[in-house]
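Position 68 (the sequence shown) corresponds to 68 in this note's numbering; numbering is contiguous. Glycine included, each C-beta is placed from N, C-alpha and C at the ideal position. A quick note: this is a predicted structure, and the numbers were derived from the prediction, not measured. Shown next, in structure tokens, is the structure this report addresses.
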Amino acid sequence: MALKFGLLLPQGWTLDLMSVKDPVEAYEALSRAAQTADEVGFTSAYLVDHLHTIPRPLQELTFECWTTAAALARDTKRIRIGQMVSCNGYRNPALLAKMASTLDVISHGRLSFGIGAGWYEHEFRAYGYEFPAGPERLRQLREAVQIILAMWTQEEASFAGKHYQISGAINQPKGVQKPQIPLLIGGDGEKVTLKLVAQYADGCNVGSNAEEVKQKLAVLKAHCEALGRDYEHIYRTTSTFCAIGATDEGAQASIPAYVRTHFPDRINLGMVGSPETIRKRLKEYEDAGVQELIIRFFDMPQLDGIRMFAREFIG
Numbered sequence: 001m002a003l004k005f006g007l008l009l010p011q012g013w014t015l016d017l018m019s020v021k022d023p024v025e026a027y028e029a030l031s032r033a034a035q036t037a038d039e040v041g042f043t044s045a046y047l048v049d050h051l052h053t054i055p056r057p058l059q060e061l062t063f064e065c066w067t068t069a070a071a072l073a074r075d076t077k078r079i080r081i082g083q084m085v086s087c088n089g090y091r092n093p094a095l096l097a098k099m100a101s102t103l104d105v106i107s108h109g110r111l112s113f114g115i116g117a118g119w120y121e122h123e124f125r126a127y128g129y130e131f132p133a134g135p136e137r138l139r140q141l142r143e144a145v146q147i148i149l150a151m152w153t154q155e156e157a158s159f160a161g162k163h164y165q166i167s168g169a170i171n172q173p174k175g176v177q178k179p180q181i182p183l184l185i186g187g188d189g190e191k192v193t194l195k196l197v198a199q200y201a202d203g204c205n206v207g208s209n210a211e212e213v214k215q216k217l218a219v220l221k222a223h224c225e226a227l228g229r230d231y232e233h234i235y236r237t238t239s240t241f242c243a244i245g246a247t248d249e250g251a252q253a254s255i256p257a258y259v260r261t262h263f264p265d266r267i268n269l270g271m272v273g274s275p276e277t278i279r280k281r282l283k284e285y286e287d288a289g290v291q292e293l294i295i296r297f298f299d300m301p302q303l304d305g306i307r308m309f310a311r312e313f314i315g
């Protein structure tokens, strides 16, 4: 199967580390998931950029994205390490570009950089960040992406925008990957976000189910045509959830109680079933134009789902 697979790691944000109370052991559980994905052939391992839990803030572990990514870069050997996605509002974009360049070196060229406008208002305000209206956050994202690309490609980067300004900023080392670190923009707003993808990005993360993905990618393709951009040069990803078992009933039974309590909608959105059932869903995503499917397994931090999926669809 041409479709590639990424893993959304158990980071605590979706209460997937509630069963592990010791923070050191929780990190080790997270790392084991990344190492297992590395060993069994997943293309990428991704972290979200969130600071406390959903669907509501709880006193549960949530590991910070970028420091965790740096640790995982040394815990793994082959797999790409990425963000799904960095929240632009949490870090100055010039500093974020520097962080990304450093992580690309630490990982020996395995960084998949993702960025988005951010959406979790409670989190912004809890940590003292301003939370502008959506159009303003998108204007900030547009400027940030230009600064990041300048920091990765110019000897001395300067930019004078409404939201961000830099002057003669030096960024060394610039990273390992050539011509630069690949930049993915997450989000699927049709008028602004997908146009930003067509203008600036190497990759996108859109939609949820295959039908929605197909529609969003058609909009992206139209933006590319209007701008003279080759649509095929954009790496197309989407994210979903998975519970896999020998039978459909077994897969359903493997879904933890906390998922049924806090995220019942995700069970219907996700891929739940036997290998035969999931194979049909994978074909739908592939037919929609997806190149990498990024999966959060419901049973994490247990590793059974990762391993069984890899045996069936990667091995």
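Report the partner residues of residue i according to the DSSP bridge assignment.
i, result
"Leu47", "Gln83"
"Met99", "DSSP output for Met99 lists no bridge partner at all."
"Arg281", "None; Arg281 has no bridge partner."
"Arg296", "Phe241"
"Phe5", "Leu293"
"Val272", "Ala243"
Skipping 5 residues on each side, what residues in its chain have a beta carbon closer than 6 Å to that of residue i?
i, result
"Asp49", "Cys65, Gln83, Ser86 and Cys87"
"Leu149", "none"
"Ser254", "Ala243, Gly245 and Asp299"
"Ser19", "none"
"Leu183", "Phe113, Ala201 and Asp202"
"Phe309", "Ile244"
"Gly161", "Glu143"
"Arg296", "Leu8 and Phe241"
"Arg266", "Phe241"
"Leu138", "Ala117 and Val192"
"Gly289", "Leu217 and Arg236"
"Gly186", "Val85, Gly114, Gly116 and Asn205"
Could you spell out where the alpha helix (DSSP H) holding residue i opens and where it closes?
i, result
"Arg260", "Ala257 to His262"
"Phe241", "Taken as a continuous stretch (DSSP letters only), Phe241 belongs to no alpha helix (DSSP H), being part of the beta strand (DSSP E) at Tyr235 to Ile244."
"Ile306", "Asp304 to Phe313"
"Leu30", "Pro23 to Val40"
"Phe124", "Glu121 to Ala126"
Can you list, in chain order, the residues of its chain with a C-beta nearer than 8 Å to that of residue i? Leave out the 5 residues immediately preceding and following it.
i, result
"Met1", "Only weak support exists for where Met1 lies, its pLDDT of 49 falling under 50; the coordinates are left without a value."
"Thr36", "Leu303, Ile306 and Arg307"
"Pro318", "Examination of residue 318 is not possible in this model, given that the chain is present from 1 through 315 alone."
"Tyr235", "Pro182, Leu184, Asp202, Gly203, Cys204, Gln291 and Glu292"
"Ser274", "Ile244, Gly245, Ala246, Thr247, Asp248, Gly250 and Ala251"
"Thr43", "Lys4, Phe5, Gly6, Ile79, Arg80 and Glu292"
"Gly109", "Gly175, Val176 and Gln177"
"Gly315", "Val40 and Gly41"
"Tyr164", "Asn92, Pro93, Ala94, Gln140, Glu143, Ala144 and Ile147"
"Ala33", "Leu7, Leu9, Pro10, Ala45, Met300, Pro301, Leu303 and Ile306"
"Leu196", "Leu138, Leu141, Arg142, Val145 and Ile185"
"Asp38", "Ala45, Thr76, Lys77, Arg78 and Ile79"
Can you find the residues in the same chain that come closer than 7 Å, C-beta to C-beta, to residue i, ignoring five residues on each side of it along the sequence?
i, result
"Phe63", "Gln11, Gly12, Tyr27 and Leu30"
"Phe131", "Glu121, Phe124 and Arg125"
"Ala198", "Leu220, His223, Cys224, Leu227 and Arg229"
"Pro256", "Phe298 and Asp299"
"Leu15", "Thr53, Glu60, Tyr258 and His262"
"Tyr129", "Gly89 and Tyr90"
"Asp104", "Leu111, Gly175, Val176, Gln177 and Ile181"
"Pro173", "Ser101 and Val105"
"Ile166", "Ala94, Ile147, Ala157, Ser158 and Phe159"
Could you pull the start and end residues of the beta strand (DSSP E) that residue i belongs to?
i, result
"Gly250", "From DSSP, Gly250 is part of no beta strand (DSSP E) but of the alpha helix (DSSP H) over Asp248 to Ala253."
"Phe113", "Leu111 to Gly116"
If you scan the stretch 57–95 from start to end, which runs of the beta strand (DSSP E) of 3 or more residues do you find wholly inside it? Taken in chain order, the unbroken stretches of beta strand (DSSP E) that lie wholly in the stretch 57–95 and span 3 residues or more are 80–83.
For the stretch 151–216, list the alpha helix (DSSP H) runs that are entirely contained and at least 4 residues long, ordered along the chain. Within the stretch 151–216, the complete alpha helix (DSSP H) runs of at least 4 residues are 193–200.
Hey, is the stretch 303–310 in contact with the stretch 234–254, meaning 3+ C-beta pairs nearer than 8 Å? Result yes; three or more Cβ-Cβ pairs closer than 8 Å.
How about the stretch 139–159 and the stretch 202–217: do they share at least three Cβ pairs that are nearer than 8 Å? Three or more beta-carbon pairs separated by less than 8 Å are not found between the stretch 139–159 and the stretch 202–217, which leaves the two stretches without contact.
Count Cβ pairs between the stretch 154–172 and the stretch 219–226 that sit closer than 8 Å; are there 3 or more? The count of Cβ pairs closer than 8 Å, one atom from the stretch 154–172 and one from the stretch 219–226, stays below three, leaving the stretches out of contact.
Does the structure place the stretch 99–114 close enough to the stretch 65–81 that three or more beta carbon pairs sit under 8 Å? The stretch 65–81, when compared against the stretch 99–114, does touch it at the 8 Å Cβ threshold.
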